[in-house]
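Numbering (the numbering used here), first residue to last: 299 to 436.
Printed below as a string of structure tokens:
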């Protein structure tokens, strides 16, 4: 079963498909919002290997490698990518966590603790959520 990555920005969703959602979220946490270099092959002491592990780093390097044709043959080069912040620290992710907690029956204070939002913010989120117990008038 594949993890749902629909809430991630497109580049992080692509990374999640290649190396797994844990690697994508870890990259966003460590390097999100910055431009970083993905080499054609990362040595063991490279930040990418330290961040996501050897297997995921190898998958990312293979996926993002740029093959360039020249008179002397084909060469492989790394690329620079601008990693999005992801959802770990964004307000949208915090609101999503609050909605999920409320859907699972958490109290306002518990949903606030889980999401990192103020209790009044969670109260406003709950007020805007559709109550599944209510029928439609139309």
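Idealized CB from N, CA, C, for every residue including glycine.
Distance, residue j Cα to residue i Cα
{"i": "residue 311", "j": "residue 304", "result": "7 Å"}
{"i": "residue 390", "j": "residue 369", "result": "49 Å"}
{"i": "residue 349", "j": "residue 325", "result": "7 Å"}
{"i": "residue 352", "j": "residue 323", "result": "16 Å"}
{"i": "residue 299", "j": "residue 428", "result": "Because residue 299 carries a pLDDT of 46, less than 50, the predicted location of this residue cannot be relied on, and the following value inherits that uncertainty. Answer to the nearest angstrom: the Cα atoms are 29 Å apart."}
{"i": "residue 337", "j": "residue 377", "result": "6 Å"}
{"i": "residue 341", "j": "residue 347", "result": "7 Å"}
{"i": "residue 398", "j": "residue 355", "result": "31 Å"}
{"i": "residue 416", "j": "residue 371", "result": "59 Å"}
{"i": "residue 393", "j": "residue 313", "result": "23 Å"}
{"i": "residue 375", "j": "residue 320", "result": "25 Å"}
{"i": "residue 408", "j": "residue 365", "result": "50 Å"}
{"i": "residue 424", "j": "residue 411", "result": "15 Å"}
{"i": "residue 402", "j": "residue 418", "result": "19 Å"}
Sheet register partners of residue i (DSSP bridge)
{"i": "residue 378", "result": "335"}
{"i": "residue 372", "result": "367"}
Cβ separation of residue i and residue j, assumed to be a contact under 8 Å, to the nearest whole Å
{"i": "residue 318", "j": "residue 381", "result": "No, residue 318 and residue 381 are not in contact; Cβ-Cβ is about 16 Å, not under 8 Å."}
{"i": "residue 431", "j": "residue 413", "result": "About 23 Å separates the two Cβ atoms, so there is no contact after all."}
{"i": "residue 435", "j": "residue 420", "result": "About 27 Å; that fails the 8 Å criterion."}
Residue i - DSSP class collapsed to helix/strand/coil
{"i": "residue 346", "result": "helix"}
{"i": "residue 424", "result": "helix"}
{"i": "residue 327", "result": "helix"}
{"i": "residue 306", "result": "coil"}
{"i": "residue 416", "result": "coil"}
{"i": "residue 362", "result": "helix"}
{"i": "residue 341", "result": "coil"}
{"i": "residue 431", "result": "coil"}
{"i": "residue 407", "result": "helix"}
{"i": "residue 357", "result": "helix"}
{"i": "residue 299", "result": "Caution applies to residue 299, whose pLDDT of 46 falls short of 50 and renders its modelled position unreliable; the model cannot decide the point."}
Identity of the residue in the options nearest residue i by Cα
{"i": "residue 307", "options": "424, 388, 363", "result": "388"}
{"i": "residue 335", "options": "358, 366, 411", "result": "358"}
{"i": "residue 440", "options": "418, 426, 309", "result": "Outside the displayed range of the chain (299 to 436) lies residue 440, so it cannot be described from this structure."}
{"i": "residue 384", "options": "422, 327, 406, 320", "result": "327"}
{"i": "residue 360", "options": "400, 433, 316", "result": "316"}
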